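First the structure, in the form of structure tokens, and then the observations on it.
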Amino acid sequence: MNSLIIIREKHYSWLRGLGSADHPAMVTICNKPILEYMVDFIVLVGGKKIRLVFEEPDGSVEAYFGNGERWGVEIEYGNAQADDTIARVVEKNSSFGEQAPLIVIDGLLFIHYDKNARYEINPEGPGTGFLYNTKSGSISYSTADAAEQSTLVKFSPNLQVSTPGKIVNLFRITMQVLREEQHRYVIPGYGADKGVILGRNVEIGKGVKIHGPVVVGSNVRLLGSAVIGPNVVIGSNVIVDDGAEVRESLVMADTYIGRRLYISAKMVAGSKVVSVSNNASIEVSDEFLLSPLKRSLPINIVRYLFNVCGAFLLALLQLIPFCIFFTLGWLKGDLRFNKSRFLLSSDGQTKIFRTPSGFRTGAIDRIIRSLSLDRFALLNEVFLGKLQLVGNRLIPDTAEGREFVKDFSGYSPGIFNYTEADRLDPGAAESEIAERFYSANRGFLTESKSLMKALINNLLHNTQTLN
Amino acid sequence: MKIRIEEMNGIRTLALAGRFDASATGGFKDTFKGLLQEGSANYVVDLQKVDYIDSGGLGSLVSALRQTRSVDGDIRISGLSGKVRSVFELTRLHRIFEIFDDELQAVKSYRTN
Chain A
1 MNSLIIIREK HYSWLRGLGS ADHPAMVTIC NKPILEYMVD FIVLVGGKKI
51 RLVFEEPDGS VEAYFGNGER WGVEIEYGNA QADDTIARVV EKNSSFGEQA
101 PLIVIDGLLF IHYDKNARYE INPEGPGTGF LYNTKSGSIS YSTADAAEQS
151 TLVKFSPNLQ VSTPGKIVNL FRITMQVLRE EQHRYVIPGY GADKGVILGR
201 NVEIGKGVKI HGPVVVGSNV RLLGSAVIGP NVVIGSNVIV DDGAEVRESL
251 VMADTYIGRR LYISAKMVAG SKVVSVSNNA SIEVSDEFLL SPLKRSLPIN
301 IVRYLFNVCG AFLLALLQLI PFCIFFTLGW LKGDLRFNKS RFLLSSDGQT
351 KIFRTPSGFR TGAIDRIIRS LSLDRFALLN EVFLGKLQLV GNRLIPDTAE
401 GREFVKDFSG YSPGIFNYTE ADRLDPGAAE SEIAERFYSA NRGFLTESKS
451 LMKALINNLL HNTQTLN
Chain B
1001 MKIRIEEMNG IRTLALAGRF DASATGGFKD TFKGLLQEGS ANYVVDLQKV
1051 DYIDSGGLGS LVSALRQTRS VDGDIRISGL SGKVRSVFEL TRLHRIFEIF
1101 DDELQAVKSY RTN
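Quick mapping for you: the protein sequence lines, in order, are chains A and B.
Sequence positions in the first sequence follow the working numbering and run 1 to 467.
Sequence positions in the second sequence follow the working numbering and run 1001 to 1113.
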């Protein structure tokens, strides 16, 4: 049996950024991604091949599930568009979807299965029928002759299905799993005590009290005399400081809970606290109380060296011409600098840069642009690690700019950019493609080539400006 | 890069094979221009045998799509394999092109519309 799981991200965009999940389907229930419960369920009912279909794919899902070997199933990936019907998705995934029998899960659903039960699917006749069908999602089953519509399909034993449509629903599902259904699923970690599941590398202080049911993720520090539980899920990479008390709550991954803080009936993600009783949310600005914990990223030494060495070399080559031509430009009164704020990353970091502007068309201006001397003033930003030597186009900090970089996870601006290296029109679709393509395929050779191309293009054509 | 052109149910299919990079875009653009001049508006581009695509290749597909949409036509893509599919996703082209598993299904989809 094959299965298509269709995730329509736009309905779950609110889940993005909840904890450390990059993708809504990777948001966890008891420290296990919702999508993994769906995959487990398909495996349980005899699925051999699963295709995960996304509107907004993201590397984190593929990196986690890979080819499905870990689950004993073959996992593939496909795409759909926002307005595709189920039939259209099946049509697009024909080599996969036309093989019967087929289960299609449309939406991010939490299926309350039991790993110890043996499920049977009983269609009343040939064709396609729904096992579950609501506005927020459906589970359909097709038999060999899908042209006829069967009236009823049932699972035996019956299944309960929940939808994490709101934060309060996600909380409710988690609490149900934690209190009543732990035994029905494989939850990551080991059972330390009755109802207590601990992940890897959990540090528990001498005076810490844990009252089950509690699920704790990996790389967690429970310090001093913290009190955890009952009914608490703590994600991975969390610190609960001395004297803090957490009960009836979810603490999402990468969070710091400050000393003596009292968290009850809340969902905490970074510095955001949501009260599950009334869905009210507050952002705590004091980093000693609550704050997101950043995971340290491995430094790409080769890239860093390339940037610094390249910038240093360029600075040496440009220093004398820069002094000569900028002095001449300044004496002629042609040269002006503009202060503008630019975006530095997809998470909205910005910085003000002084960029040369107001050149009149004349010999000096042409020479300045041909020799890329207009970039000289920004080279120190490479040493400071704010800009790359070669990277994405600098985008001004405007509403439009923010919208553009929001879903551009690898956005990393440079003094020289990929658009000018390929001589593309900065506003054209081709430019966006090139920017995304090179961002995803960064490497020493690619960047060296792009730098050379940008320098040569500027020398020969001097048409591109910095941003 | 090799381009095989066929016609199925009145839809032109272009099956590409090899590397679709900057060096191949000229050939693709010329071929496509010729087809457009013949008056065809709907196409299927099969990338099953394309083992590498770069921003130049993607750019020429987008430019071809723009031309066909200006005459109320469309280009549908079929046969995306691992790496090529990832590049389509990274550059968000799966939102612009309709993508099908195989050529035949992509051709059929013009009828079901």
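Glycine included, every Cβ here is placed at the ideal spot set by N, Cα and C.
If you're wondering where the values come from, they're calculated on a predicted model, not measured in any experiment.
Close to R442(A), with beta-carbon spacing below 9 Å, lies no residue of chain B; the smallest spacing is near 12 Å.
Proximity of I239(A) to chain B, defined by a Cβ-Cβ separation below 9 Å, is not satisfied. Scanning chain A for C-beta atoms nearer than 7 Å to the C-beta of V1087(B) yields F437, reported in chain order. For a Cβ distance threshold of 8 Å, residue set H1094, R1095, E1098 of chain B lies close to Q81(A), ordered along the chain.
Contact annotation, T1091(B) with L1058(B): C-beta distance approximately 6 Å; criterion of less than 8 Å satisfied.
Burial state of K332(A) is exposed, judged by a 10 Å Cβ sphere holding fewer than 16 other Cβ atoms. Within chain A, no residue has its CB atom less than 8 Å from the CB of T1013(B), the nearest being about 15 Å off.
The three-state secondary structure of H211(A), taken from DSSP, is coil. Assignment of M252(A) by DSSP, reduced to helix, strand and coil, places it in the coil class. The three-state reading of DSSP puts I173(A) in helix, counting H, G and I together.
Distance check between G59(A) and each of G1026(B), F1100(B), F1020(B), K1083(B) places K1083(B) closest, using alpha-carbon atoms only. In this structure, R8(A) places its C-beta atom within 9 Å of the C-beta atom of A80(A). If you draw a 10 Å sphere on the C-beta of Y190(A), you find fewer than 16 other C-beta atoms in it, and that means exposed.
The CB of Q1067(B) never comes closer than 8 Å to any CB in chain A; the least such distance is about 13 Å. Close partners of T1031(B) in chain A (Cβ separation under 9 Å) are lacking, with about 19 Å as the shortest Cβ gap.
About 17 Å separates the CB atoms of V177(A) and L198(A); that is not less than 8 Å, and the two are not in contact. Taking a contact to require three or more Cβ pairs closer than 8 Å, the region 1043 to 1055 of chain B and the region 420 to 440 of chain A qualify as touching. Neighbours of F96(A) across chain B, judged by C-beta separation under 9 Å: D1101. When DSSP states are grouped into helix, strand and coil, R1092(B) belongs to the coil group.
Between S142(A) and G165(A), the C-beta gap is not smaller than 9 Å, which leaves the two residues out of contact.
Chain A has a Cβ within less than 9 Å of the Cβ of V1062(B). Counting C-beta atoms within 10 angstroms of its own C-beta, K209(A) has fewer than 16 neighbours from the protein chains shown and is therefore classed as exposed. Under the Cβ criterion of 9 Å, K1002(B) is not counted among the residues facing chain A. The shortest C-alpha to C-alpha distance from D365(A) to any of S346(A), G329(A), L378(A), T398(A) is the one to G329(A). For the 9 Å CB-CB criterion, A265(A) and S277(A) form a contact. In this structure the region 104 to 112 of chain A does not lie against the region 64 to 84 of chain A, because fewer than three pairs of beta carbons, one per stretch, are closer than 8 Å.
G1079(B) is positioned such that its CB atom lies closer than 9 Å to that of L1047(B).
Counting only residues of its own chain and dropping the five nearest sequence neighbours on each side, I239(A) has a CB closer than 6 Å to the CB of R221, Y256. When 8 Å is used as the limit between beta carbons, I433(A) is near these residues of chain B: S1055, L1058, G1059, V1062, T1091, L1093, in chain order. The three-state reading of DSSP puts M1008(B) in strand, counting E and B together. Among the residues of chain A, none has a CB under 7 Å from the CB of T1025(B); the nearest is roughly 10 Å distant.
If only complete runs of 3 or more residues are kept, the region 381 to 431 of chain A shows the beta strand (DSSP E) at 388 to 391, 414 to 417, in order along the chain. As the crow flies, the alpha-carbon of Q1037(B) is around 27 Å from that of S431(A). Annotation: the region 34 to 84 of chain A contains the following complete segments of the beta strand (DSSP E) (minimum length 3 residues), in chain order: 49 to 54, 74 to 79.
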